[in-house]
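Here the structure is laid out as structure tokens; the discussion comes afterwards.
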Amino acid sequence: MQHLFALNGHGGRGCVGCPGLRNYYKRAAARRPAAGCSVREIETTDRRALLGHPSQLWTAGLERRLALVRRYIPLEGRRVLDVGCGVGTFLRRLQEVGVGAVAGIDVDRRSLLRAVEVAPTVALAVAERLPFRDGSFDVVLMHEVLEHVQDDAAALREACRVLAPGGHLVLFCPNRFFPFETHGVFLGRRYVFGNVPLVNYLPDPLRGRLVPHARAYTAAGLRRLWRGLPLRPLVHGQVFPGFDKASWRWGPLGRALRGLQRLENTPLRILGLSHFVILVREP
Numbered sequence: 404m405q406h407l408f409a410l411n412g413h414g415g416r417g418c419v420g421c422p423g424l425r426n427y428y429k430r431a432a433a434r435r436p437a438a439g440c441s442v443r444e445i446e447t448t449d450r451r452a453l454l455g456h457p458s459q460l461w462t463a464g465l466e467r468r469l470a471l472v473r474r475y476i477p478l479e480g481r482r483v484l485d486v487g488c489g490v491g492t493f494l495r496r497l498q499e500v501g502v503g504a505v506a507g508i509d510v511d512r513r514s515l516l517r518a519v520e521v522a523p524t525v526a527l528a529v530a531e532r533l534p535f536r537d538g539s540f541d542v543v544l545m546h547e548v549l550e551h552v553q554d555d556a557a558a559l560r561e562a563c564r565v566l567a568p569g570g571h572l573v574l575f576c577p578n579r580f581f582p583f584e585t586h587g588v589f590l591g592r593r594y595v596f597g598n599v600p601l602v603n604y605l606p607d608p609l610r611g612r613l614v615p616h617a618r619a620y621t622a623a624g625l626r627r628l629w630r631g632l633p634l635r636p637l638v639h640g641q642v643f644p645g646f647d648k649a650s651w652r653w654g655p656l657g658r659a660l661r662g663l664q665r666l667e668n669t670p671l672r673i674l675g676l677s678h679f680v681i682l683v684r685e686p
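Residue numbers (our numbering): 404 to 686.
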């Protein structure tokens, strides 16, 4: 575990470890235990909700998303940072496709203890305060992470900072027009996980009460986050689900749902599960 480095130094950026985690999810902090600041102390279901249920399996849906990225930008030989790397699912696959070097950060120490077995350069850190020098990476990946951070605009500024000129920022994040909320909802103090219909169509204050642990973005709202940054859009579309769980549960019927992915090439892509964005870091 000697490679799991502490956040001190790294270009003068101070430690943002354990003390910062307690209030990391500002609006959801009240649902955590009153004492202590360790991620381990969060009640199990709340903890899973706040951390976004990071995938531990490489699925057909994730492979499809990686293929979409590789359609637009080369990854071979490049330095890649995975923000919100979890247990290292993407880190492992990125190494298999031949990236030059990978690094990851996450807010969950337990996940990092597994990720470090995949890639030695991982850190306990928040997206708004990356422990890397300016221009350290050719690609920064934020896969279903932006919706969980406390300050999404600050997270994009940091991603831009650590990108080398000509580098690429890759975003996947929830689409406000997808008919289901996939992060579950809080009903009072009880968390209910599942795909809850129509929640994303509610007014912001009501949706925020039900889903304080995850945002969903319109295309315009997402564009506002990088306004004023030296980032130029290369791709901005929406992607439909991979339907992996449906395929496992329902066999051929579940796999047939993947035909909905063809809607990504039509105006109905606005109903997709996630935004898919690639931004180029300008000099």
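By construction, the Cβ of each residue, glycine as well, lies at the ideal position given by its N, Cα and C atoms.
Only a predicted model underlies this, so the values are computations on that prediction, with no experimental measurement involved.
Nearest neighbour of residue i, chosen from the options [CA to CA]
i: Leu-663; options: Leu-676, Arg-481 and Leu-471; result: Leu-676
i: Asp-607; options: Leu-469, Phe-580, Gly-489 and Ile-681; result: Phe-580
i: Ala-394; options: Gly-640, Gly-631 and Gly-503; result: Only positions 404 to 686 of the chain appear in this structure, which leaves residue 394 out of reach.
i: Ala-619; options: Trp-629, Arg-626, Arg-658 and Asn-603; result: Asn-603
i: Gly-480; options: Ser-650, Asp-541 and Asp-555; result: Asp-541
i: Ile-681; options: Glu-584, Arg-665 and Gln-641; result: Gln-641
i: Val-573; options: Phe-493, Trp-461 and Thr-669; result: Phe-493
i: Leu-515; options: Cys-488, Leu-533 and Pro-534; result: Cys-488
i: Glu-561; options: Glu-550, His-546, Pro-534 and Pro-577; result: Pro-534
i: Asp-555; options: Pro-633, Leu-609 and Leu-625; result: Leu-625
i: Gly-569; options: Pro-633, Arg-592 and Trp-651; result: Pro-633
i: His-551; options: Leu-605, Arg-513, Arg-593 and Gly-611; result: Gly-611
i: Val-472; options: Arg-512, His-546 and Arg-513; result: His-546
Unbroken alpha helix (DSSP H) run spanning residue i, endpoints
i: Leu-609; result: 607-613
i: Arg-684; result: Here Arg-684 belongs to no alpha helix (DSSP H); instead the beta strand (DSSP E) covers 677-684.
i: Leu-465; result: 463-475
i: Gly-624; result: 622-629
i: Arg-517; result: 512-518
i: Ala-659; result: 655-659
CA-to-CA distance, residue j to residue i, given in whole angstroms
i: Ala-623; j: Val-505; result: 31 angstroms
i: Phe-679; j: Leu-590; result: 30 angstroms
i: Leu-660; j: Arg-517; result: 33 angstroms
i: Val-565; j: Gly-654; result: 43 angstroms
i: Lys-429; j: Arg-635; result: Here Lys-429 scores only 37 on pLDDT, less than 50, and its place in the model should not be relied on; the value that follows carries that caveat. Lys-429 and Arg-635: Cα-Cα distance of roughly 30 angstroms.
i: Val-483; j: Val-529; result: 17 angstroms
i: Ile-673; j: Trp-461; result: 26 angstroms
i: Cys-563; j: Arg-684; result: 7 angstroms
i: Trp-651; j: Gly-657; result: 7 angstroms
i: Ala-649; j: Val-595; result: 20 angstroms
i: Arg-665; j: Val-588; result: 29 angstroms
i: Ala-463; j: Arg-513; result: 25 angstroms
i: Arg-592; j: Ile-476; result: 44 angstroms
i: Arg-467; j: Arg-474; result: 10 angstroms
i: Thr-621; j: Leu-609; result: 17 angstroms
i: Pro-686; j: His-571; result: 12 angstroms
i: Arg-536; j: Leu-605; result: 41 angstroms
Pair within 8 angstroms by beta-carbon distance, residue i and residue j
i: Glu-667; j: Phe-646; result: no
i: Leu-544; j: Val-486; result: yes
i: Val-519; j: Ile-508; result: no
i: Leu-586; j: Val-548; result: According to the sequence displayed, residue 586 carries His and not Leu. Their beta carbons are not under 8 angstroms apart, which means His-586 does not touch Val-548 by this criterion.
i: Phe-575; j: Pro-600; result: no
i: Pro-577; j: Ala-617; result: yes
i: Leu-628; j: Leu-559; result: yes
Limits of the beta strand (DSSP E) - the one that residue i falls within
i: Arg-493; result: Note that residue 493 is Phe in the sequence shown, not Arg. Per DSSP, Phe-493 belongs to no beta strand (DSSP E); it is in the alpha helix (DSSP H), 492-499.
i: Leu-634; result: 634-642
i: Val-565; result: Careful: Val-565 lies outside any beta strand (DSSP E), inside the alpha helix (DSSP H) at 555-565.
i: Ala-400; result: Residue coverage of the chain in this structure runs from 404 to 686, which leaves residue 400 outside it and unanswerable.
i: Arg-482; result: 482-486
i: Phe-589; result: 588-590
i: Ile-508; result: 504-509
i: Tyr-594; result: 593-595
i: Phe-540; result: 540-546
8 angstroms contact criterion, which residue i and residue j should meet: CB distance rounded
i: Arg-496; j: Leu-469; result: 6 angstroms
i: Ala-567; j: Gly-538; result: 4 angstroms
i: Gln-553; j: Glu-531; result: 7 angstroms
i: Val-510; j: Leu-478; result: 25 angstroms between Cβ atoms; not a contact.
i: Gly-491; j: Ala-522; result: 6 angstroms
CB contact check: residue i to chain C, cutoff 8 angstroms
i: Glu-584; result: Here there is only one protein chain, and chain C is not present.
Near the ligand PLP: residue i beta-carbon under 7 angstroms from a heavy atom
i: Gln-641; result: What this structure holds is no ligand at all, so the ligand PLP is not there to describe.
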